[in-house]
Structure formats: C-alpha cells, structure tokens
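Each remark here refers to the structure printed beneath this line.
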Amino acid sequence: MRIQTMLENIRDTWKSLIEEELALYAAEKVGDVGPLPPLVAQTPPKPELGDLAFPLFAYAKIFHLGPPALAQSLKERIEKRAGHPAGQILISGPYLNVKIDTASLATALAAKIGEEQDRYGTNDSLGSKRITIEFSCPNTNKPLHLGHMRNDSLGMSMAAILAANGATVRKVNLINNRGVHICKSMLAYQKFSEGETPESSGIKGDHLVGNYYVKFAQWAKEDPTAEAQAQAMLKAWEEGDSEVLELWQRMNDWTMAGLYESYESMGISFDAFYWESETYKYGKDEILKGLENGVFYREEDGSVWVDLTRDKLDKKVLLRSDGTSLYITQDVGTAIMRHKDWPFDAHIYVVGSEQQYHFKVLFRTLQLLGYSWAENLHHLSYGMVNLPEGKMKSREGTVVDADELLSSLSALAEEEIRSKGREGEVGDLRETSRAIALGALNYYLLQVTSSKDMIFNPAESISFNGNTGPYLQYMGARISSMLAKFHSESPEVEALGFDASLLSLSDERELVKLLARYPEVVAKAGDQYDPSLVTAYLYELSKLFSRYYHDNPVLKAPSPELVRSRIELVRMVNQVLKNAFALVGIPYLASM
RNA sequence: GCGCCAAUAGCUCAGUCGGAUAGAGCAACUGCCUUCUAAGCAGUAGGUCGUAGGUUCGAUUCCUACUUGGCGUACCA
Numbered sequence: 004m005r006i007q008t009m010l011e012n013i014r015d016t017w018k019s020l021i022e023e024e025l026a027l028y029a030a031e032k033v034g035d036v037g038p039l040p041p042l043v044a045q046t047p048p049k050p051e052l053g054d055l056a057f058p059l060f061a062y063a064k065i066f067h068l069g070p071p072a073l074a075q076s077l078k079e080r081i082e083k084r085a086g087h088p089a090g091q092i093l094i095s096g097p098y099l100n101v102k103i104d105t106a107s108l109a110t111a112l113a114a115k116i117g118e119e120q121d122r123y124g125t126n127d128s129l130g131s132k133r134i135t136i137e138f139s140c141p142n143t144n145k146p147l148h149l150g151h152m153r154n155d156s157l158g159m160s161m162a163a164i165l166a167a168n169g170a171t172v173r174k175v176n177l178i179n180n181r182g183v184h185i186c187k188s189m190l191a192y193q194k195f196s197e198g199e200t201p202e203s204s205g206i207k208g209d210h211l212v213g214n215y216y217v218k219f220a221q222w223a224k225e226d227p228t229a230e231a232q233a234q235a236m237l238k239a240w241e242e243g244d245s246e247v248l249e250l251w252q253r254m255n256d257w258t259m260a261g262l263y264e265s266y267e268s269m270g271i272s273f274d275a276f277y278w279e280s281e282t283y284k285y286g287k288d289e290i291l292k293g294l295e296n297g298v299f300y301r302e303e304d305g306s307v308w309v310d311l312t313r314d315k316l317d318k319k320v321l322l323r324s325d326g327t328s329l330y331i332t333q334d335v336g337t338a339i340m341r342h343k344d345w346p347f348d349a350h351i352y353v354v355g356s357e358q359q360y361h362f363k364v365l366f367r368t369l370q371l372l373g374y375s376w377a378e379n380l381h382h383l384s385y386g387m388v389n390l391p392e393g394k395m396k397s398r399e400g401t402v403v404d405a406d407e408l409l410s411s412l413s414a415l416a417e418e419e420i421r422s423k424g425r426e427g428e429v430g431d432l433r434e435t436s437r438a439i440a441l442g443a444l445n446y447y448l449l450q451v452t453s454s455k456d457m458i459f460n461p462a463e464s465i466s467f468n469g470n471t472g473p474y475l476q477y478m479g480a481r482i483s484s485m486l487a488k489f490h491s492e493s494p495e496v497e498a499l500g501f502d503a504s505l506l507s508l509s510d511e512r513e514l515v516k517l518l519a520r521y522p523e524v525v526a527k528a529g530d531q532y533d534p535s536l537v538t539a540y541l542y543e544l545s546k547l548f549s550r551y552y553h554d555n556p557v558l559k560a561p562s563p564e565l566v567r568s569r570i571e572l573v574r575m576v577n578q579v580l581k582n583a584f585a586l587v588g589i590p591y592l593a594s595m
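When we follow my numbering, the leftmost residue of the first sequence carries the number 4, and every step to the right adds one.
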C-alpha cells in the first residue's frame, strides 16, 4: 500500500469535508435522499481559479438548485464551521474551488525533500515484490539500431521506475545467438571475408558481423541456393559440427564485444544474460507434460497443439510434427526456467507490439500448464520506430545505427559547447557531450506513449532546443551554478532559514504544488508501466521553473530572507529534477 | 476475411476519472543578452479533435458503424 502524498492528503481532507457538508445540507433541505453521488476532485484549468476544483453538476437535481447557487451556499456553510483546514474557498460558476495554503505545504515539503533527498518520490508499494524485466534481446548478427534503442530505453526506465516503487528488480537479456539468421552472416563470412577480423579491419565486431549479414542478403538475390545453404549450416550447427561451432563462437564473440561496448556507452546494464544457444531446447518436455495432462492435444501428423478458441486466440501449434521446437516452445521453457532460477512475482517482457498475439498465447499456455505465476506475466509492448519517409529497412540501408547516431549526437553537443565557449567549464568535454547525447536520445524515445508507433525525425532529434532532453539538463546546470554561487558568495544567508510564507508569487505556489505532486507521478508511472508520465512531468517542471527564474531573481532578490527562501525552492526543484532524471536515463550535469 | 492498435495545429507529440477558453515543441513571424549560462524567456499566427450516429446536464475522452493507416493472423523468430 502506497502512503498518501501531502497533496493527496490536503485534497482528501477538503473532499471529505465538502462531502460531509453536502450530506448535512441535503438532509436539511430535502430530507432523506439516500447516498449522494461521490464528489469528484479536479484541478482547475488556471491557477487563478484555485488549486482544487469540485464540480457540483451532479447535485443540481437532488438539491433543486443550480450548481452555482449550491456552490455559494456550501461555501457559506463551510466557512461557518469551526476548524476547517487552512485555505480559501473560491466559487467559479458551478465549481467550488479551493485555494490551498501552499506556505504550509512548502514548509512540510522542504523538510521532506531535505530528509529524503535522492529517495524523495519513491515509495514502498511494491516492497515485497520481485520483478524481472527482460529487454534488449538482440540478435548476434548485427549491431544495435534505433528500434533496439527504444526497447533499451524503455527497459532501463521501467526497471528504475519499478525500483522507485519499492520492487526488487532483475534486468535480464536473452541473447538470440542461434538460428538460421545467425548462420547467414556466418556463411557470408566464410565465402567472402578472406579471414578479416575486427583487429585486422579496425571495424567494431558487431558492425563487422553485420556487414556479412548484409552481404548474405545481396548474395542470396543472385544465388537461389543461398537460403538452403544457410539451413544446411544450421543443421550442421545443431549436429555439433566442430568447424561450424568454432566459427559461430568466434563471430558471436565479436558481436558480443561490440554490443557490450554499445551498452556500456549507452548506460545500459543487466543483472543476467541468457543465451538462446543454451535455452533453445527448453520447453519440449513441458509441452509433452501438458499433452499428458490433457490440456494440449496431438494431431494425426504428430504435431502438438493448444486450443485457445475459447480465449479467441485460435489453435496454435506448440511442437512440430517431427517433434522439434518452435519459438513458442522455447519461450514456454525459458519462462519456466527463469522462474526456477529467480522466483519472481511478476515478469515483464519488453517486446515490440507486433508480438502481442504471441505473448497472449504464451501467457495463456503457461496458465494452462498450471503455473500460478503466469497470471503475472506482462508484455510491455511498444510501437515501431519509423522514419519520416517510412519504415526502416535494413535491405535499403535506411536503418539508423545506434553507435553512429550516438556519436553524431555527441559531436553536435560538443560543437554546441565549443560555440558557446564553455569547453573550459564543463569538465571532461567528451563525457559531457556524450551525456547530453544520451539525455537527448532517451528523452526523445521515452516522451512518446510507448504503445504507439513513433516517427523518428533525424533532423529534429539532433535539435537541442525546445522540448528536448538538453533543455531539461540545462535547467539542472543553471541551478547548479546558481547554488554554487550562493554558497561561495553569501554563505551567511543560509542561517536565515526557510520562510515559506515569502513564496507568495503565483509561479512559486505552482512550483510548490508541482514538486509535491512528483511522488504521485512515480507511483502512476509504476502502476501503468509508463515512463512517458515522468518525461511529461519533467517538461512541465522545467518549463515552469524556466519562466520563474527568468522573471524573478533568486540571488539578487530584494531581501536576504527572500534570497534564502527562494534558494530553498530552487534546491527542491534541483532534487526533483535529479530524481526524475534517474528514472528516464537523463544524466544530470552540473555544468553544460 | 478475422483480430489488435491508432487517427488531435503544416510536422512531431501531450491531453487527468467525461467537466471550465483542447496544450507543447518544431517550422513562420515579433520582441528580449552591461542581467543567477539566450541549449533561455515573452508574444503573434495556426484546430470541424478522421466521418456519421448514440449515451449524458456536458464527449477529444464512453458506445456503435464506417473511412484511412499500422501490425498480426507461419509446423519463421
């Protein structure tokens, strides 16, 4: 159970007070009317209208009163009551609005953020839960591309968000290192490479292997036997042909070395790796067990099926007629093995939306096999990443390569820093540029509702202006330098202490409320598996803060007391920025 | 054919539980750097929320049909 935030507390106090008054009023005015419709709490569209809004439309009929008149009467009745909570009732047409006492909220918030620091915003609602999240899962025949990056951003972010909600999270990566597609790059390498290696060519291993995957496709266009040769190689691999296995091992090592390097530079990490070469035979026994238990059935040709027509999922084959495994077979086996390995309460698969049907079938099949944990499997499905001119196609060379994208973004960030003449102030120039590139990319990818397809516009993605990661990072950098200046120039002001009543500007009140709302955002992002809630929050906070500190001097505020109190607000914004950045893969930069 | 998903400004995206005048960014145009970092701030302009019905005091939001687009519907992964 999640603990209520301060803001929710205030809202609920007012809500029950008004509900109580409504009930009393109804009893007086119209007698016994039974239970009233529940009161709805909303946020007014504009700050001038108050902080909480309670629409009264639903009560008009019962009271035989127009909502505006009802709002007026309620206001008068509540104001007469002794000891109503701090705040002010404002009537706006049919709405009864409340302007809450943000000074006391700010005081409590400053204490809370000061105490919790990096933990502010986290909760323990998933405190007893063990959750695995499986993502990335690349093939070992080519380097990472933009599609993987959306997957990785989502996986990393969700892992952080779930941990912030108290879960013990285990990030796993199942490497697809076998299959006919792997044999294709191997075959092309055998035929065309003349023995080049990453060392001899100076090409990063995953890119080198990827080049041969492309070469295979070209060759297969001319030679109709190419596909069959690849199949033959797979057969040899499965039979343990030592020459094939040796080549496979060597090329896999190259690819993995390249992928590890990419992960490292993109800040992506895992708690465990699994290898399809070791798991691909799993699941067969489980399917046969299900056959014995009568939850599956066998066709005349020997293939094994599950009938999911009642779930509107049709009949699906689980084992080929020759007794060999399929994709779904090994997914069944892998899931069971994974649960034995590290018993989880929930398991999340971060996989593209094109596999929704597959996962529905997988989950239902595991349920039929009697695994109770199968109820808690989730497919975190994300849409495709397309380009403005259409789909990315590796054959047409329109795939956006992850390494290239990241290094070109880094180069642009570096150029930007130089053009501002700040290369002396940002510490390690390369590191800072890389951090900006990463923040830009993660923010770009996580901003969009994950289930939707998105269009990746290269021109737009390299812009660091507007609603972008660097815009957010810039806030942090500005705050950092402001705080540093405060400490060096006027340390004596610190002792004046925080007086929240001095923060009476509209933007200050809005900032306080927004900061108080952050824990709700973390909780909701965890509930809904939706990092875009965090990115949206970050933009709102940065936008508001940008305007605030542009219009209102902090260090040169009219009085030292006001300086001190504004500094407290700035510190709170800084802490929340840092905490939220960590959830969506945006590096915090003290200087940029 | 059947199933799942989407459709909001020129473009890319937000839009809370059905609620007040539907919001950002980019692109266009206008101001603001002797100023806590202009990767910024403020403003102008830009909308039949795909179409048609329905439910409701009230619909971008819920329901139905249709149109358009994407994905799936393999003894591929």
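Glycine included, each C-beta is placed from N, C-alpha and C at the ideal position.
Mind pulling the alpha helix (DSSP H) runs of 4 or more residues that sit fully within the stretch 256 to 304? 279 to 282 and 287 to 295
Using a Cβ-Cβ cut-off of 7 Å (strictly less than) and excluding sequence neighbours within five positions of SER280, which residues of its own chain qualify? The residue given as residue 280 occupies position 277 in the first sequence. Cβ within range, chain order: ASN180 and ARG181.
Confirm, please, whether the CB-CB distance from LYS218 to ALA191 is below 8 Å. Here residue 191 is taken as the residue at index 188 of the first sequence, counted from 1. Here residue 218 is taken as the residue at index 215 of the first sequence, counted from 1. Contact flag set, yes.
In this structure, does DSSP put ASP502 in helix, strand or coil? The residue you call residue 502 lines up with position 499 of the first sequence. Assignment of ASP502 by DSSP, reduced to helix, strand and coil, places it in the coil class.
Return the chain-ordered list of same chain residues with a C-beta closer than 6 Å to the C-beta of ILE65, the five sequence neighbours on each side being excluded. Within the first sequence, the letter at position 62 stands for residue 65. VAL36.
For ASP15 and LYS516, believed in contact at Cβ under 8 Å, the rounded distance: For this step, residue 516 is matched to residue 513 along the first sequence. For this step, residue 15 is matched to residue 12 along the first sequence. Contact doesn't hold; Cβ gap of about 15 Å is too wide.
Using the Cβ count rule (16 or more neighbours within 10 Å means buried), how would you classify ILE6? Locating residue 6 in the first sequence gives position 3, counting from the first residue. Counting Cβ neighbours within 10 Å, ILE6 comes out exposed, since fewer than 16 surround it.
Which residue marks the beginning of the alpha helix (DSSP H) containing TYR192, and which one marks its end? Taking the first sequence and counting its residues from 1, one reaches residue 192 at position 189. Segment 183 to 195, the alpha helix (DSSP H) holding TYR192.
Within 10 Å of its beta-carbon, does ILE482 have 16 or more other beta-carbons around it, so buried, or fewer, so exposed? For the purposes of this step, residue 482 is identified with residue 479 of the first sequence, where counting begins at 1. Looking at its Cβ environment, which holds 16 or more other Cβ atoms inside 10 Å, ILE482 is buried.
DSSP three-state call for TRP376: helix, strand or coil? Taking the first sequence and counting its residues from 1, the one referred to as residue 376 is at position 373. Residue state, collapsed to three classes: helix.
Whole angstroms are fine: how far does the CA of MET254 sit from the CA of GLY442? Locating residue 442 in the first sequence gives position 439, where the first residue counts as 1. Locating residue 254 in the first sequence gives position 251, where the first residue counts as 1. Distance between the alpha carbons of GLY442 and MET254 is about 32 Å.
DSSP on PRO494, reduced to helix/strand/coil? Position 491 of the first sequence, counting from 1, holds the residue named residue 494. It is helical.
Using C-beta distances below 7 Å, list every residue in its chain close to LEU316, excluding the 5 sequence neighbours before and after it, in chain order. For this step, residue 316 is matched to residue 313 along the first sequence. Exclusion of the five residues before and after LEU316 leaves LYS363, VAL364 and ARG367 as the residues of its chain whose Cβ lies within less than 7 Å of its Cβ.
Near PRO71, which residues of its chain fall below 6 Å by C-beta distance, leaving aside the five closest residues on each side in sequence? Start at 1 with the first residue of the first sequence, and residue 71 comes out as number 68. Excluding residues within five positions, the ones whose Cβ falls inside 6 Å are GLY96 and PRO97.
When the Cα atoms are used, what is the spatial distance from TRP308 to ASP288? By one-based count along the first sequence, residue 308 stands at place 305. By one-based count along the first sequence, residue 288 stands at place 285. Each residue's Cα considered, the two are about 14 Å apart.
Roughly how many angstroms separate the alpha carbons of VAL579 and TYR123, rounded to a whole number? The residue you call residue 579 lines up with position 576 of the first sequence. The residue you call residue 123 lines up with position 120 of the first sequence. Roughly 7 Å separates the two Cα atoms.
GLY21 in three-state terms, based on DSSP: Here residue 21 refers to the residue found at position 18 of the first sequence. Correcting the residue type first, residue 21 is Ile in the shown sequence and not Gly. The answer is helix: DSSP assigns ILE21 an H, G or I state.
Of the residues ASP310, GLY130, ALA338 and ARG421, which one's Cα is nearest the Cα of TYR283? Here residue 283 refers to the residue found at position 280 when the first sequence is read from its first residue. The candidate whose alpha carbon is nearest that of TYR283 is ALA338.
Assign GLU137 to one of two classes, buried (16 or more other C-beta atoms within 10 Å of its C-beta) or exposed (fewer than that). As a first step, residue 137 must be located in the first sequence, where it is residue number 134. The residue is buried, with at least 16 neighbouring Cβ atoms inside 10 Å.
Can you give me the C-alpha to C-alpha distance between VAL388 and MET395, rounded to a whole angstrom? By 1-based counting over the first sequence, the position of residue 388 is 385. By 1-based counting over the first sequence, the position of residue 395 is 392. Distance between the alpha carbons of VAL388 and MET395: 8 Å.
Based on the DSSP output, what are the partners of GLU137 in its beta bridges? On the first sequence, residue 137 is found 134 positions in, with the first residue counted as 1. BP columns for GLU137 point to VAL175 and TYR352.
Checking the sheet assignment: what are the DSSP bridge partners for HIS361? Indexing the first sequence from 1 puts residue 361 at position 358. DSSP, once it has assigned bridges, lists no residue as partnering HIS361.
Whole alpha helix (DSSP H) runs in the stretch 229 to 255 with 4 or more residues, listed along the chain? 229 to 241
Confirm, please, whether the CB-CB distance from THR171 to LYS132 is below 8 Å. Along the first sequence, one-based indexing puts residue 132 at 129. Along the first sequence, one-based indexing puts residue 171 at 168. A contact, by the Cβ cut-off of 8 Å.
From this set, CYS186, GLU119, GLY270 and PHE489, which residue's C-alpha is nearest ALA231's C-alpha? Translated into the one-based positions of the first sequence, residue 231 becomes position 228. Comparing Cα positions, the closest option is CYS186.
Rounded straight-line distance, which links the Cα of ALA29 to that of PRO40: Within the first sequence, the letter at position 37 stands for residue 40. Within the first sequence, the letter at position 26 stands for residue 29. Distance between the alpha carbons of PRO40 and ALA29: 12 Å.
Going straight from the alpha carbon of SER384 to that of GLU11, what length do you get? The residue given as residue 384 occupies position 381 in the first sequence. The residue given as residue 11 occupies position 8 in the first sequence. If I take the Cα positions, the gap works out to 31 Å.
Quick check: VAL576 and LEU541, are their CB atoms within less than 8 Å of each other? As a position in the first sequence, residue 576 is number 573, starting the count at 1. As a position in the first sequence, residue 541 is number 538, starting the count at 1. For VAL576 and LEU541, no; Cβs fall outside 8 Å.
Whether or not the stretch 529 to 538 and the stretch 563 to 574 are in contact is what I'm after, with contact meaning three or more pairs of Cβ atoms, one per stretch, closer than 8 Å; do they touch? no
Are the CB atoms of VAL524 and LEU514 within a distance shorter than 8 Å? Within the first sequence, the letter at position 511 stands for residue 514. Within the first sequence, the letter at position 521 stands for residue 524. Not in contact: LEU514 and VAL524 (Cβ atoms no closer than 8 Å).
With three or more beta-carbon pairs closer than 8 Å as the criterion, would you say the stretch 151 to 167 touches the stretch 447 to 461? yes
Alpha-carbon spacing of GLN120 relative to ASP209, whole angstroms: Counting from 1 along the first sequence, the entry for residue 120 is found at position 117. Counting from 1 along the first sequence, the entry for residue 209 is found at position 206. Rounded to whole angstroms, GLN120 to ASP209 spans 41 Å at the Cα level.
Candidates GLU23, ASP104 and GLY150: which alpha carbon is nearest SER453's? In the first sequence, residue 453 corresponds to position 450, counting from 1. Checked all of GLU23, ASP104 and GLY150; the closest Cα to SER453 is GLY150.
Do you know how far the Cα of SER19 is from the Cα of GLU418? Numbered from 1 along the first sequence, position 415 holds the residue referred to as residue 418. Numbered from 1 along the first sequence, position 16 holds the residue referred to as residue 19. Going from the Cα of GLU418 to the Cα of SER19 covers about 57 Å.
Assuming THR135 and TRP376 make a contact with CB atoms under 8 Å, what is their CB distance in whole Å? Indexing the first sequence from 1 puts residue 135 at position 132. Indexing the first sequence from 1 puts residue 376 at position 373. Actually they do not touch by this definition, with Cβ atoms about 11 Å apart.
How long is the line joining the alpha carbons of TYR352 and GLU202, rounded to whole angstroms? If you number the first sequence from 1, residue 352 lands on position 349. If you number the first sequence from 1, residue 202 lands on position 199. Spanning the two alpha carbons is a distance of roughly 36 Å.
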